Amino acid sequence: MTWEVYAIRYGRHDRPAQSNFLLPVQDPHEAMPLDYFVWLVRDPATGHDIVVDTGFDHACAEKRGRSISRSVSDSLRAMGADPAKVRDVVVTHLHYDHAGSIDIFTGARIHIQDREMAFATGRHMCTACIRLPFEADHVVSMVRALFADKVQFHDGEGTVAPGVTVHRVGGHSDGLQVVRVETARGPVVLASDAMHFYANSDTGNPFPIIFDLGAMTQGWRIAKKLAGGDESRVIPGHDPAVRTRFPKVPGQGDDVVALHLPPLQ
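Those letters in the sequence shown? Residues 1 to 265, per the UniProt record's numbering, in order.
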């Protein structure tokens, strides 16, 4: 079984290069914007849609000084995916920009790692610098989904649907998981924040929000292995270069690209 995979940009944050790396870079003030994506995984034969991550809304964007070009809900609808009818949602981790719109997926089963739920509701949230990327309201939304019997937990590796699997790598957040999707060009790995930018793994210089540095660096290797060793099939979570490396979807401007098609370069 093969799937289509789309990267959908819904927001952006302008920032200097040094904000995206732990170690010093040659020009710390060079502009290096960050894109915010959600990902749509689609079975073209049946119309089964899986959404990977839920983004954040305008209120959260204003609170954190980010910009949204189009809401996650509107972005998905533009691709023919009604959030209320989506059957499965994968939350790679519970940071604000990946778990901020859980409530719009009223009919979905939400897939998350045991470790991430425990992390976001446990003792480490007593430390301000660790809980900074989390929003309490988003975590509460996940707890509500749990009590509504809408959550599917995974411990390490798990299956969302035939050809779509999740794999815990940790690092950036303790329960961070990547998503492996079988496509016509081979397995595509949605790395999410296991790799914010191509340059993080290419240079060995990690993104500076880290829970476990060793796990983060191993996560780069795991993602590549899951992609069959083909780096073009590993998709970073925030790199604007994704939108230039893959074919654009007609009618979606510069915001949506097809990851199941061969890269342009």
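Quick reminder that beta carbons are idealized off the backbone N, C-alpha and C, glycines included.
Since the model is a prediction, treat every value here as computed from it, not as a measurement.
1. Taking the beta strand (DSSP E) that S192 belongs to, which residues open and close that run?
2. Roughly how many angstroms separate the alpha carbons of D155 and Q113, rounded to a whole number?
3. For a test of the three-state rule: what should DSSP assign to A45, helix, strand or coil?
4. Residue range of the alpha helix (DSSP H) that E222 falls in?
5. Please look up how many angstroms separate the CB atoms of G170 and D212, rounded, as I've assumed it's under 8 Å.
6. Below 8 Å, can you find three or more Cβ-Cβ pairs linking the stretch 22-35 to the stretch 81-91?
7. Is H124 helix, strand or coil when you go by DSSP?
8. If the criterion is Cβ atoms closer than 8 Å, does the pair H172 and D193 meet it?
9. So, is F147 buried or exposed, given that buried needs 16 or more other C-beta atoms within 10 angstroms?
10. Alpha carbon to alpha carbon, how far is D137 from T121? Give it in angstroms, no decimals.
11. Out of M195, G186 and V89, which has the shortest C-alpha to C-alpha gap to T203?
12. Could you pull out every residue in the same chain whose Cβ sits closer than 7 Å to the Cβ of R131, ignoring the five residues on either side in sequence?
13. Might you give, ordered along the chain, the residues of its own chain that have their beta carbon closer than 7 Å to the beta carbon of S23, omitting 5 neighbours on each side?
14. Check for me: the alpha helix (DSSP H) holding H138 runs from which residue to which?
15. Reducing DSSP to helix, strand and coil, say where E30 ends up.
16. So for Y6, helix, strand or coil by DSSP?
17. What did DSSP end up calling H58 once you bin it into helix, strand or coil?
Taking the coordinates as given:
1. From DSSP, the beta strand (DSSP E) with S192 extends over G186 to S192.
2. Approximately 6 Å, taken between the alpha carbons.
3. In the displayed model, A45 falls within coil according to three-state DSSP, outside both helix and strand.
4. This sequence places Ile at residue 222; Glu is not what is there. For I222, the enclosing alpha helix (DSSP H) starts and ends at L213 to L226.
5. That pair is a contact at about 5 Å.
6. With a cut-off of 8 Å, the stretch 81-91 and the stretch 22-35 do not count as touching, because too few Cβ pairs lie within range.
7. The answer is helix: DSSP assigns H124 an H, G or I state.
8. Annotated as proximal: H172 and D193, with beta-carbon spacing under 8 Å.
9. So F147 ends up on the exposed side.
10. When rounded, the distance between both Cα atoms is 12 Å.
11. M195 is the residue among M195, G186 and V89 whose C-alpha sits nearest the C-alpha of T203.
12. These residues qualify, in order along the chain: M125.
13. Note that residue 23 is Leu in the sequence shown here, rather than Ser. Around L23: N205.
14. In the DSSP annotation of this structure, the continuous segment of the alpha helix (DSSP H) that includes H138 starts and ends at A136 to F147.
15. Under the three-state reduction of DSSP output, E30 falls in the coil class, being neither helix nor strand.
16. It is a strand residue.
17. In this structure, DSSP gives H58 a helical state, which the three-state scheme calls helix.
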